[in-house]
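Residue numbers (the numbering used here), protein chains in the order written: chain E, 20 to 379; chain R, 11 to 369.
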Amino acid sequence: MRPTRTKSLQSHSLAGWLMSGPALALVTLFLIVPFLLAFWFSFTNQRLISPNPTQFVGTSNFEQLLGVGALVLEPERTEDGSLIVSETGELSYPRVREFTRNNPDYPQLEGMREWFGWSWGESKVLVLARDLVFMKALTNTLFFVAVVAPLQSGIALLLALMINQKLRGINVFRTVYFMPVVVSIVVVSLLWRFIYDGRSGLLNNLLQFLSFGQFQPIDWLGNPDTAMFAIIVMSIWQAVGFHMVIWLAGLQNIPLTLYEAADIEGATAWQKFRFVTWPGLRNTAVLILVVITMQAFALFAQIDVMTNGGPLDSTQTLVFQAVTRGYEQQNIAGGSAISVLLFLIVLAISLFQRYVTRER
Amino acid sequence: MAGLSLTQIRKTYGKVEVIKGVDLEIEHGEFVVFVGPSGCGKSTLLRMIAGLEDITGGELKIGDKVVNGVQPRDRGVAMVFQSYALYPHMSVYDNVGFGLRLKKTPKDERDAKIREAARILQMEHLLDRKPAQLSGGQRQRVAIGRAIVRQPEVFLFDEPLSNLDASLRMDMRMEISKLHRDLGATMIYVTHDQVEAMTLADKIVVLNGGVVQQVGSPLELYHRPANLFVAGFIGSPKMNFIDVTVEGGDNVSLRLASPVMATQTVPVSGSGVKAGDRLTLGVRPYDFRLMEDGAFSGTVTLVEQLGNETIVNLALSNGQHLIVALDGDTECSIGQTLKVGFLPEKAAVFDTAGVHLQR
Ligand SMILES: Nc1ncnc2c1ncn2[C@@H]1O[C@H](COP(=O)(O)OP(=O)(O)OP(=O)(O)O)[C@@H](O)[C@H]1O
Ligand SMILES: [Mg+2]
Chain E
20 MRPTRTKSLQ
30 SHSLAGWLMS
40 GPALALVTLF
50 LIVPFLLAFW
60 FSFTNQRLIS
70 PNPTQFVGTS
80 NFEQLLGVGA
90 LVLEPERTED
100 GSLIVSETGE
110 LSYPRVREFT
120 RNNPDYPQLE
130 GMREWFGWSW
140 GESKVLVLAR
150 DLVFMKALTN
160 TLFFVAVVAP
170 LQSGIALLLA
180 LMINQKLRGI
190 NVFRTVYFMP
200 VVVSIVVVSL
210 LWRFIYDGRS
220 GLLNNLLQFL
230 SFGQFQPIDW
240 LGNPDTAMFA
250 IIVMSIWQAV
260 GFHMVIWLAG
270 LQNIPLTLYE
280 AADIEGATAW
290 QKFRFVTWPG
300 LRNTAVLILV
310 VITMQAFALF
320 AQIDVMTNGG
330 PLDSTQTLVF
340 QAVTRGYEQQ
350 NIAGGSAISV
360 LLFLIVLAIS
370 LFQRYVTRER
Chain R
11 MAGLSLTQIR
21 KTYGKVEVIK
31 GVDLEIEHGE
41 FVVFVGPSGC
51 GKSTLLRMIA
61 GLEDITGGEL
71 KIGDKVVNGV
81 QPRDRGVAMV
91 FQSYALYPHM
101 SVYDNVGFGL
111 RLKKTPKDER
121 DAKIREAARI
131 LQMEHLLDRK
141 PAQLSGGQRQ
151 RVAIGRAIVR
161 QPEVFLFDEP
171 LSNLDASLRM
181 DMRMEISKLH
191 RDLGATMIYV
201 THDQVEAMTL
211 ADKIVVLNGG
221 VVQQVGSPLE
231 LYHRPANLFV
241 AGFIGSPKMN
251 FIDVTVEGGD
261 NVSLRLASPV
271 MATQTVPVSG
281 SGVKAGDRLT
291 LGVRPYDFRL
301 MEDGAFSGTV
311 TLVEQLGNET
321 IVNLALSNGQ
331 HLIVALDGDT
341 ECSIGQTLKV
351 GFLPEKAAVF
361 DTAGVHLQR
């Protein structure tokens, strides 16, 4: 008998395109086009609404963002070369402004502001930046990633290990840890604003109760020293359940007999983790590291709801800056340039992580 | 020296009793095989010996130490799993040496032992590979190698060969048998392949439904099965069972009748049996002969000519089938009527409870 030929849907490529069409169109419209546009805008002076035509400005947006310079200040001396010492015993230095405002000898420092500096012998080294807020946002974001990536993945793994045990009622814990993930980040951020409140916040109350009233209330989000940490703690708490579930899936992929074999061979709990669990979680670890890094770089909603980048720019982040510039300051070009930089940073880090954790 | 002694060992999962009071003595250096149908509790019993399952009741001794509450690693046992359970990210060398490494054995001693095990199992050329780069048989070798480097007193095997093809299985069977002779350790081996059981075992333990049916040497089980279950389980093709009625008898023989069989006198003790009792007669396929005056007459429904023997399926008048093994050069064809008989002294008779009647 000859098999009868059926014209299946699969043999029509047109049907395939039609079916994926709506999704493709949406993805193109809202992801691919904006992505490409951002690249283009970052080389122009595009504004949100402007009567003037858009102009191509080359890399000046990036120069503006990334412009840094160094300045070594010599202490001021009198005519005869001796140091001028103030009444309090301090050396006096020329003012930075003299170098950065209309100084023809230092054209490269034009318009920069002091970022940070340190003393070096008698002289003083200063690092200047053209866009201080951007630099703040960049360093804050990097700091956030550097703290959150290891902590969040570590805690998530710990939770996954605990939750992977066969105990009665363990599902309750699984649900509890996963709950913050399904709640909108905006809602979570609002809740944590109450928790962190400077006067009657839950955290302050709790600490006062635990210290029998010794503890002085802190305005966690209003204090430049604590604001970023407050955001970090809350962010870890919110997403840890998600990564716990990914770890859990990885854990459950490891065959039980490997543990049984290890039991018989005489492995301790730690050795079983070291030689069976951890190698078995390799691919999961790579995935989690990359995902957490990307998510951490995208830090925005918490900032937007809880601090607006303040106080004193201590919680500025790249995405928050991109949005602020693009929409509040109507500087689409500047926002796009930040987005492009963020994209390049995340890409580079992900590639690096892939390289470090590659299969040998 | 490590024999094992199991006393009234029980295992329940929730309300379900899976092992129902097993008593068993295993001598040092013995090769014991657990056989039984799927789900009868072989693996469970083995895993209780290994310490991977809690013992619900009874006493387990290894050597002369009660080990009910002892950790697996302190029981002096090694186990080879059906799924091999090799660590995928470690080389063969590291897999084999894993236990020694955990015990902090000095490096050169460890190396010597690993290479010795590799030599015994002829896998020196595989030491640098990862498990994924090995065939099933080679993986099994590695798993066995991992067991032998630790020089345990007791080896436990849970269906180690069931993932291998027939010829490889035969090779590995011989290797395991040789290993047992060379090492002189106690080995407990779970299988549902009765050829493995018959060829490897010093002692076979037949389990069914969590109960030990019979313990004995392979030939003992074959020739003197304790009950219907063992008689049906051991031997391939299976023993034929015919329902018979007692016509009469004495202390040395019974006269048995059946609608499908000419009345036979079988030399078993008839004490405790009276005329009219319904018994079961068991005849192994290999005990049938073509005879003009044979007790059975049936129609051939299936012929399997294997060369060295011919397996014939005979349909009797009541629809029951007999499996008969005849000489390899027997000529017969489907639809033909055959008459077969058997030697009465080779037949087995089981009472209503399924217990084998004594000679
Ligand atoms: N964790 C468990 N919970 C409940 N019942 C179980 C559990 N493990 C095994 N059993 C039951 O115990 C019985 C014996 O299982 P076991 O694995 O020992 O069988 P086995 O003889 O090894 O079978 P096989 O030849 O198929 O491997 C089975 O009926 C099984 O359903
Ligand atoms: Mg089993």
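Think of the CB as a built atom: it goes at the ideal place given N, C-alpha and C, for glycine as much as any other residue.
The beta-carbon of R/H99 is placed less than 9 angstroms from the nearest beta-carbon of chain E. Taken in chain order, the complete alpha helix (DSSP H) segments of 4 or more residues contained in the region 137 to 194 of chain R are 146 to 159, 176 to 193. Sequence-distant Cβ neighbours of E/L84 in its own chain, meaning closer than 8 angstroms and more than five residues away, are R149, D150, F153, G353, A356, I357, L360. In chain order, N237, L238, F239, T290 place their CB closer than 8 angstroms to the CB of R/G364, counting only its own chain and leaving out the 5 sequence neighbours on each side.
In this structure, ligand 2 has a non-hydrogen atom nearer than 8 angstroms to the beta-carbon of R/S53. Near chain E, meaning a CB-to-CB distance below 9 angstroms, the residues of the region 74 to 88 of chain R are Q81, P82, R83, D84, R85, V87, A88. Distances between the C-beta of R/L210 and the heavy atoms of ligand 1 are all 8 angstroms or more. DSSP, read as helix, strand or coil, puts R/I19 in strand. Taking C-beta atoms as the reference points, R/S327 and R/G308 count as a pair closer than 9 angstroms.
One finds nothing in chain E with a Cβ atom closer than 7 angstroms to the Cβ of R/F44; even the nearest lies about 18 angstroms away. Relative to ligand 1, E/H31 has its C-beta separated by 8 angstroms or more from all heavy atoms. The C-beta of E/A304 comes no closer than 9 angstroms to any C-beta of chain R.
Put simply, the CB of E/F294 is near chain R, with a gap under 9 angstroms to one of its CB atoms. Taking the beta carbon of R/G317 as reference, no residue of chain E falls within 9 angstroms; the closest one sits roughly 36 angstroms away. Note that the C-beta distance between R/F108 and E/E279 is not below 9 angstroms. E/W211 sits in a helix when the DSSP states are folded into three classes.
For E/I283, the chain R residues whose Cβ falls inside 7 angstroms of its Cβ are A60, P82, R83, V87, A88, M89, in order along the chain. By alpha-carbon distance to R/A127, the top candidate from R/K114, R/E314, R/L110, R/A142 is R/L110.
R/Q315 sits in a strand when the DSSP states are folded into three classes. For R/I252, the three-state secondary structure derived from DSSP is strand. Distances from the alpha-carbon of E/F362 to those of E/V52, E/E109, E/M313, E/P169 put E/M313 closest. Taking 3 residues as the shortest admissible run, the region 223 to 268 of chain R contains the following complete beta strand (DSSP E) segments, listed from N- to C-terminal end: 250 to 259, 264 to 268. When the Cα atoms are used, R/T347 and R/A88 turn out to be separated by approximately 55 angstroms. At a cut-off of 8 angstroms, the beta-carbon of R/E169 counts as near ligand 2: some heavy atom of the ligand is closer than that. Between E/A246 and the set E/W36, E/I103, E/G328, the nearest pair of CA atoms involves E/G328.
Around the beta-carbon of R/I19, 16 or more other beta-carbon atoms lie within 10 Å, marking it buried.
For R/G109, the neighbours in chain E by C-beta distance under 7 angstroms run, in chain order, E284, G285. Taking a beta-carbon distance threshold of 9 angstroms, R/L112 counts as an interface residue toward chain E. Contact annotation for R/S93 against chain E: P274, T276 [CB-CB distance below 8 angstroms, chain order]. When DSSP states are grouped into helix, strand and coil, R/D339 belongs to the coil group. For E/L270 against E/L300, the beta-carbon gap comes to about 7 angstroms, under 8 angstroms, which counts as contact. With contacts defined by Cβ atoms closer than 9 angstroms, E/L331 and E/T376 do not form a contacting pair. Distances between the C-beta of R/V43 and the heavy atoms of ligand 2 are all 8 angstroms or more. In this structure, the straight-line span from the alpha carbon of E/P70 to that of E/D124 is close to 37 angstroms. Distances between the C-beta of E/V305 and the heavy atoms of ligand 2 are all 8 angstroms or more. With a cutoff of 8 angstroms, R/Q92 counts as near ligand 2, since its C-beta is closer than that to a heavy atom of the ligand.
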